[in-house]
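*Asks:*
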Amino acid sequence: KNKRLCAVTAAMKYGTGLQYFAKRFPERFFDVGIAEEHAVTFCAGLASMNYVPVFAVYSSFLQRSYDQLIHDMAIGGCHAVICVDRAGIVGDDGETHQGIFDISYLSSIPNMTIMAPKNKWELSDMIKYAVNFGTPVAVRYPRGEAYDGLKEYRAPISIGKCEWIYRESGIALFALGSMVKTAVAVRDALKAEGYPCSIINARFAKPLDEDALRYITEHHKVIVTMEENVISGGFGEHVTEFYNNENCKDIRIVNIAIPDEYVEHGNVELLRKEVGLDADTIIARTIEAYQNVTE
Numbered sequence: 001k002n003k004r005l006c007a008v009t010a011a012m013k014y015g016t017g018l019q020y021f022a023k024r025f026p027e028r029f030f031d032v033g034i035a036e037e038h039a040v041t042f043c044a045g046l047a048s049m050n051y052v053p054v055f056a057v058y059s060s061f062l063q064r065s066y067d068q069l070i071h072d073m074a075i076g077g078c079h080a081v082i083c084v085d086r087a088g089i090v091g092d093d094g095e096t097h098q099g100i101f102d103i104s105y106l107s108s109i110p111n112m113t114i115m116a117p118k119n120k121w122e123l124s125d126m127i128k129y130a131v132n133f134g135t136p137v138a139v140r141y142p143r144g145e146a147y148d149g150l151k152e153y154r155a156p157i158s159i160g161k162c163e164w165i166y167r168e169s170g171i172a173l174f175a176l177g178s179m180v181k182t183a184v185a186v187r188d189a190l191k192a193e194g195y196p197c198s199i200i201n202a203r204f205a206k207p208l209d210e211d212a213l214r215y216i217t218e219h220h221k222v223i224v225t226m227e228e229n230v231i232s233g234g235f236g237e238h239v240t241e242f243y244n245n246e247n248c249k250d251i252r253i254v255n256i257a258i259p260d261e262y263v264e265h266g267n268v269e270l271l272r273k274e275v276g277l278d279a280d281t282i283i284a285r286t287i288e289a290y291q292n293v294t295e
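Everything in the sequence shown is counted per our numbering, starting at 1 for the first residue and increasing by one.
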């Protein structure tokens, strides 16, 4: 419906699912070849001509265009949408394709907004929101089929605002994107053991919902950040930094993230267990932290 919207790919039309758009709107589809750097600069050019470019790209390939993201897109506040596909552990695509750094490198860029949906309905809402946003915005989502749980939770998207799934006390699971699904399994297990537990769908890796973070400290003793990204420079580190700056000493923070290492090729579920993103590991770390602050 939006005649100004253009779709851009760097030789990954089929990998990113843009073949349908390309067939229906060939005059607004651009494949620039294996040149992610040029794709970002090209999107900035389209934006300067009042078009709305949507660049669909694998997380691990977007890394190549870091310089262009800063100098050509973000420094001028160009309105472009970056659909960060294959964000998180991708398994069989191989070690070089693990999309585990994008939160870290994108969040370091001023003027950049980063969203991550919990399920397929929120992905749809976020893409529509991003197309009408006005400045550079990235939407990161994992490889594979979209999660179809939590359909009843569909609060409108608002800049830098999270979504409360369950509001209790004691333990707060502050989960980003694909980790919301895991948070549901963690909460079910914690509730079965008698622990009170909230789930907050972060929605935004940048900017953080500072009002929600302050509310959490008033009603919870432990906050568990959950992300499918390396810990260095990631979502959890930014939450921890916020609490340090606020001089919050009465809350225990547990950062669930990928360790500072490369993730090898392999089955996704096995890899998640190896790096500590599986529900069992998160449950054990959460209970230990909660017992330490309540003893």
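All C-beta atoms in this analysis are idealised placements derived from N, C-alpha and C, irrespective of residue type, glycine included. What you are looking at is a predicted structure, and each value in this text was computed from that prediction instead of being measured.
Under 8 Å between C-beta atoms, does Ala11 make it to chain B?
*Replies:* The structure shown contains no chain B, having only a single protein chain.
*Asks:* Count the other CB atoms, across all protein chains shown, that sit within 10 Å of the CB of Met12; report buried if there are 16 or more and exposed otherwise.
*Replies:* buried
*Asks:* What is the rounded straight-line gap between the Cα of Lys296 and the Cα of Pro53?
*Replies:* The structure shown does not extend to residue 296, since the chain spans only 1 to 295, so no value can be given for it.
*Asks:* Closer than 7 Å by C-beta to Trp121: which residues in its own chain qualify, once you throw out the five before and the five after it? Chain order, please.
*Replies:* The residues are Lys151 and Arg154.
*Asks:* By DSSP, does Ile251 sit in helix, in strand, or in coil?
*Replies:* Of the three classes helix, strand and coil, the one that applies to Ile251 here is coil, per DSSP.
*Asks:* Apart from the five residues on each side of it in sequence, which residues of its chain come closer than 7 Å, Cβ to Cβ, to Ala185?
*Replies:* Ala279
*Asks:* For the region 52-97, which segments carrying the alpha helix (DSSP H) assignment without a break, of at least 4 residues, lie completely within its bounds, in sequence order?
*Replies:* 59-62
*Asks:* Contact defined as beta carbons within less than 8 Å: I believe Phe29 pairs with Ala7. What is the distance between those atoms, to the nearest angstrom?
*Replies:* 5 Å
*Asks:* Which two residues bound the contiguous alpha helix (DSSP H) that contains Ala183?
*Replies:* Met179 to Ala192
*Asks:* What residue does the beta strand (DSSP E) around Ile223 start on, and which one ends it?
*Replies:* His220 to Val230
*Asks:* Where does Val131 sit, in a helix, a strand or coil, going by DSSP?
*Replies:* helix
*Asks:* Using 10 angstroms around the beta-carbon of Ser48, count the other beta-carbons present and answer buried if the total reaches 16, otherwise exposed.
*Replies:* exposed
*Asks:* Can you tell me whether DSSP reads Ser107 as helix, strand or coil?
*Replies:* helix
*Asks:* Enumerate in chain order the residues of its own chain whose CB-to-CB distance from Val230 is below 7 Å, with the five nearest sequence positions on each side excluded.
*Replies:* Ile100, Phe101, Ser104, Ala257, Ile258 and Asp260
*Asks:* Measure how close the beta-carbons of Ile109 and Ala74 come, nearest whole angstrom, since I'm counting them as under 8 Å.
*Replies:* 5 Å
*Asks:* Nearest-angstrom Cα distance between Ala175 and Leu5?
*Replies:* 31 Å
*Asks:* Which residue's Cα is closest to the Cα of Gly177: Met126, Ser169 and Pro156?
*Replies:* Checked all of Met126, Ser169 and Pro156; the closest Cα to Gly177 is Met126.
*Asks:* Just to check my reading of the structure: Ile253 and Ala189 have Cβ atoms closer than 8 Å, yes? What is that Cβ distance to the nearest angstrom?
*Replies:* That belief does not hold up - the Cβ atoms of Ile253 and Ala189 are roughly 20 Å apart, past 8 Å.
*Asks:* Look at the alpha carbon of Met226 and the alpha carbon of Leu271, and state the distance between them as a whole number of angstroms.
*Replies:* 16 Å
*Asks:* Out of Ser158, Lys118, Glu274 and Asp85, state which residue places its alpha-carbon closest to the alpha-carbon of Phe133.
*Replies:* Ser158
*Asks:* Just how far apart, CA to CA, sit Val222 and Lys191?
*Replies:* 15 Å
*Asks:* What first and last residue would you give for the beta strand (DSSP E) that runs through Gly170?
*Replies:* Gly170 to Ala175
*Asks:* Between Thr281 and Asn247, what straight-line distance do the alpha-carbon atoms span, to the nearest angstrom?
*Replies:* Inter-residue distance for Thr281 and Asn247 is about 29 Å (C-alpha atoms, whole angstroms).
*Asks:* Starting from Lys23, follow the alpha helix (DSSP H) in both directions and report where the run begins and ends.
*Replies:* Gln19 to Arg24
*Asks:* DSSP state of Gly99, grouped into three classes?
*Replies:* Strand at Gly99.
*Asks:* Between the region 73-91 and the region 132-146, are three or more C-beta pairs nearer than 8 Å?
*Replies:* yes
*Asks:* Within a Cβ cutoff of 8 Å, which residues of the same chain sit near Val131, ignoring the five residues on either side of it in sequence?
*Replies:* Asn2, Leu5, Val52, Val54 and Val81
*Asks:* Assess, as a yes-or-no matter, whether the region 230-245 is touched by the region 192-199 under the definition of 3 or more beta carbon pairs within less than 8 Å.
*Replies:* no
*Asks:* Would you identify the three-state DSSP class for Ile338, choosing helix, strand or coil?
*Replies:* No statement about residue 338 is possible, as the shown extent of the chain runs from 1 to 295 and does not include it.
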